[in-house]
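What follows is a single structure, written as structure tokens, with notes after it.
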Amino acid sequence: MTRIRAQVAVVKFPGSNCDLDAVSALRKFRNVKADLVWHEEPSISRYDAIVLPGGFSFGDYLRAGAIAARSPALERIARSAEQGLPVLGICNGFQILIEGGLLPGSLLRNTSLRFVCRWVTIRVENDSTMFTRKMKRGQVLRLPIAHNEGRFYTSEDELRRMSDAGQVLFRYCDEKGRSTASSNPTGTTSNITGVCNRAGNVAGLMPHPERATEPILSPSGSSDGSLLFKSMLECI
Amino acid sequence: MFMQRPKVFTVKVVVSNREGASDPEGQTIFRDLVSKSGFKQVIGIRSGKFLGVSVEAPDSTSAKQIVMRMCDELRIYNPAAHSVTVEV
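If you're matching them up, the sequences are chains A and B in order.
Throughout the first sequence, residue numbering follows this note's numbering, covering 405 to 640 in sequence.
Throughout the second sequence, residue numbering follows this note's numbering, covering 21 to 108 in sequence.
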């Protein structure tokens with residue numbers, strides 16, 4: 405019998421729609437039990453890691469993620485995070501973690517005021533976190549984005565503090581890994597599209613790693629998203 | 021003779037769903053955020069869209085009139101579904 409090494413909760417809010425993709429991406433790994441968990445379930449606290457998937461939550465009224473961030477689920481998730489458990493937010497999950505104060509910065513509407521849905525290239529900025537340890541600093545990953553409110557914004561002071569603390573995980577870049585204005589699809593501060601907390605166990609990113617775990621689903625044959633899940637699962 | 025320079029007024033426009041029309045955004049904010057968080061005195065929320073309109077006009081009454089005309093002519097709100105309030 406195979407021993408289950410890691411149990412991961414993928415938390416479903418009303419409006420989540422990338423939840424099954426995340427479950428599927430996690431179940432590709434051996435010895436991993438990935439469960440879809442309704443946000444009202446108290447069992448969220450019993451898992452080894454928590455993934456907040458993409459999509460929407462509570463209609464994204466007020467601001468994307470703002471209502472989910474005040475739900476009992478996030479209180480439970482914050483307690484797990486305080487104990488050092490890995491918590492990963494993808495797209496709307498990232499928005500929820502920022503609105504809930506578990507991650508720094510803000511996610512504002514894209515500069516174009518349009519929903520941007522396309523494959524992008526991002527550069528790994530810190531390869532020593534539990535979400536990036538299977539990557540190399542400077543490595544360029546291909547992942548898709550699909551969102552309207554993903555313009556990461558932070559003040560210059562906060563940006564300096566985050567950079568010094570290694571909290572910037574990913575930046576939009578061109579094919580060669582250069583962060584330019586034209587490779588920043590939504591107008592984020594300093595091309596940032598993925599960050600972590602100070603302790604390094606809570607991370608969020610706007611691109612969708614769960615949609616880039618099988619070459620057949622990517623125009624470039626990318627399965628770069630697997631690196632993120634692999635990094636996280638190996639830390640459990 | 022001096023030409024009096026027009027003053028600038030900030031006219032506040034709030035577009036919301038008409039009374040009686042359902043307002044899922046306001047209902048969700050009320051039901052899933054506010055009423056679950058202990059603010060029992062709050063008994064309802066209506067959502068809307070706010071526009072701060074800067075207008076050059078000789079006085080506040082004509083500033084308001086200009087904006088009201090703008091809202092009607094440019095269909096800033098949908099009279100079938102929305103109500104609009106204009107305040108200087």
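Just so you know, even glycine gets a beta-carbon here, dropped at the ideal spot from N, CA and C.
Just so we're clear, the structure is a prediction, and the values are computed from it rather than from any experiment.
What are the boundary residues of the alpha helix (DSSP H) that includes residue 47 of chain B?
Element bounds for residue 47 of chain B: 44-48.
Apart from the five residues just before and just after residue 366 of chain A, which ones in its own chain have a Cβ nearer than 6 Å to its Cβ?
Because chain A spans 405 through 640 in this model, residue 366 of chain A falls outside it and cannot be assessed.
Find out if the Cβ-Cβ distance for the pair residue 630 of chain A, residue 617 of chain A is shorter than 7 Å.
yes
Under 8 Å by beta carbon: chain B residues contacting residue 474 of chain A
53, 56, 57
N-terminal and C-terminal residue of the alpha helix (DSSP H) that residue 81 of chain B is part of
80-93
In this structure, how does DSSP classify residue 457 of chain A when only helix, strand and coil are distinguished?
coil
Can the beta-carbon of residue 638 of chain A be found less than 7 Å from the beta-carbon of residue 429 of chain A?
no
State yes or no: is the C-beta of residue 69 of chain B within less than 7 Å of the C-beta of residue 108 of chain B?
no
Could you say if the stretch 553-571 of chain A and the stretch 583-593 of chain A meet the contact criterion of at least three C-beta pairs nearer than 8 Å?
Output reads yes: the stretch 583-593 of chain A touches the stretch 553-571 of chain A.
How long is the line joining the alpha carbons of residue 405 of chain A and residue 445 of chain A, rounded to whole angstroms?
Its pLDDT being 46, under 50, residue 405 of chain A is placed unreliably by the model, and the measurement read from it follows with that caveat. Going by the C-alpha atoms only, they are around 28 Å apart.
Distance, Cα to Cα, residue 504 of chain A vs residue 82 of chain B?
45 Å
Please look up how many angstroms separate the CB atoms of residue 501 of chain A and residue 608 of chain A, rounded, as I've assumed it's under 8 Å.
5 Å
Residue span of the alpha helix (DSSP H) that contains residue 486 of chain A, given as start and end
476-486
Residues of chain B with CB closer than 9 Å to the CB of residue 509 of chain A, please, in chain order.
The contacting residues do not exist; residue 509 of chain A stays about 21 Å from chain B at best.
Three-way DSSP call (helix, strand, coil) for residue 629 of chain A in this model
Note: residue 629 of chain A maps to helix in three-state DSSP.
Exposed or buried, what is residue 421 of chain A when buried is set at 16 or more other beta-carbons lying within 10 Å of its beta-carbon?
exposed
Within 7 Å, strictly: CB atoms of residue 35 of chain B and residue 104 of chain B
yes
Note down the Cα distance separating residue 27 of chain B from residue 465 of chain A, rounded to an integer number of angstroms.
37 Å
Under the three-state DSSP convention, the category residue 595 of chain A falls into
helix
Only counting the same chain, and skipping five residues up and downstream in sequence, which positions put a Cβ closer than 6 Å to that of residue 452 of chain A?
Spatial neighbours of residue 452 of chain A in its own chain (CB-CB distance under 6 Å, excluding positions within 5 residues in sequence) are listed in chain order as 410, 411, 640.
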